[in-house]
Amino acid sequence: MPAPGSSVKSDQRRRVVLDAAVACFARKGYYGTTTSEIAKRAGISQPYVYRLFASKEALFAGAVLHVSELLSDALTGAGAGAGTDEAGPPRQAEGVMRAIRSAYSTLIQDRDVMRFLMQASCAADEPLVAEAVRTCYARQVELVSELLNHDDAAVRHWFGAGMLENVTLTLGLADVDEPWARTLSGQRSRSDSGNFTHQASP
């Protein structure tokens, strides 16, 4: 029988390892990152990593599901905040769309999260990773669909806009005063406004 509090400590250490894994994998990807690098960042021994996760692939898959929970929590909170009580008018899909887009934008300001999501797609040749990424997408599609009243076109628009935002943030397009960059980022030219002013999200 485990000692009192031991499962809590194990969960805490698992969270630390997952956070470290997201940060390391975000920078060098699945294939370029070693478990020893993750262990060092987490402040634990490499053997302890393997006590928590059977393999690097299992660790990466666990990190995908960890990030999926972060996404779900952010979107659920934003969706709830955009709703009204039963006595008020029905929730408007446009308002919910703005709220969850804002929540997603805030979350991916943590570039580790955003880059890790991109690295996850690149590692989808690994079976456990592919399964975790599909599970992540399934959860997000289900959640966003519910928030947007099961409007498939709106759901596809939301995911498309989110992926474009990933590219915009990764390449730092907000700081590139070129026509092609402004087209993708929705920024105005410095010569037009004196500084960059972000236009309304679609």
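In this text, residue positions in the sequence shown follow the numbering used here: the first is 1, and each later residue adds one. Using N, Cα and C, we set each Cβ at its ideal position, and we do this for glycine too. Quick caveat, the model's predicted, so the values are computed rather than measured.
Check: Endpoints, the alpha helix (DSSP H) within which Ala-54 is located; Outcome: No alpha helix (DSSP H) contains Ala-54, which DSSP labels as neither H nor E.
Check: At least 3 beta-carbon pairs within less than 8 Å: the segment 59 to 76 vs the segment 118 to 133; Outcome: yes
Check: Buried versus exposed, by CB contacts within 10 Å (16 or more), Ala-54; Outcome: exposed
Check: Straight-line gap, Arg-91 to Arg-98 (C-alpha atoms, nearest Å); Outcome: Its pLDDT being 49, under 50, Arg-91 is placed unreliably by the model, and nothing is read from it.
Check: Identity of the residue in Arg-15, Arg-156, Gln-119 nearest Thr-204 by Cα; Outcome: Only positions 1 to 202 of the chain appear in this structure, which leaves residue 204 out of reach.
Check: Nearest-angstrom beta carbon gap, His-66 and Val-22 [assumed within contact, 8 Å]; Outcome: 7 Å
Check: Supposed contact pair Arg-101 and Ala-287 - C-beta distance, whole angstroms, cut 8 Å; Outcome: Any question about residue 287 goes unanswered here, given that the chain covers just 1 to 202.
Check: Completely contained alpha helix (DSSP H) runs for the segment 148 to 178, where each covers 4 or more residues; Outcome: 152 to 170
Check: Arg-51: CB within 6 Å of a non-hydrogen atom of the ligand ATP; Outcome: This structure lacks the ligand ATP; in fact it carries no ligand of any kind.
Check: Inter-residue spacing [alpha-carbon to alpha-carbon] between Leu-18 and Asp-11; Outcome: 10 Å
Check: Thr-106, enclosing alpha helix (DSSP H) - first and last residue; Outcome: 93 to 107
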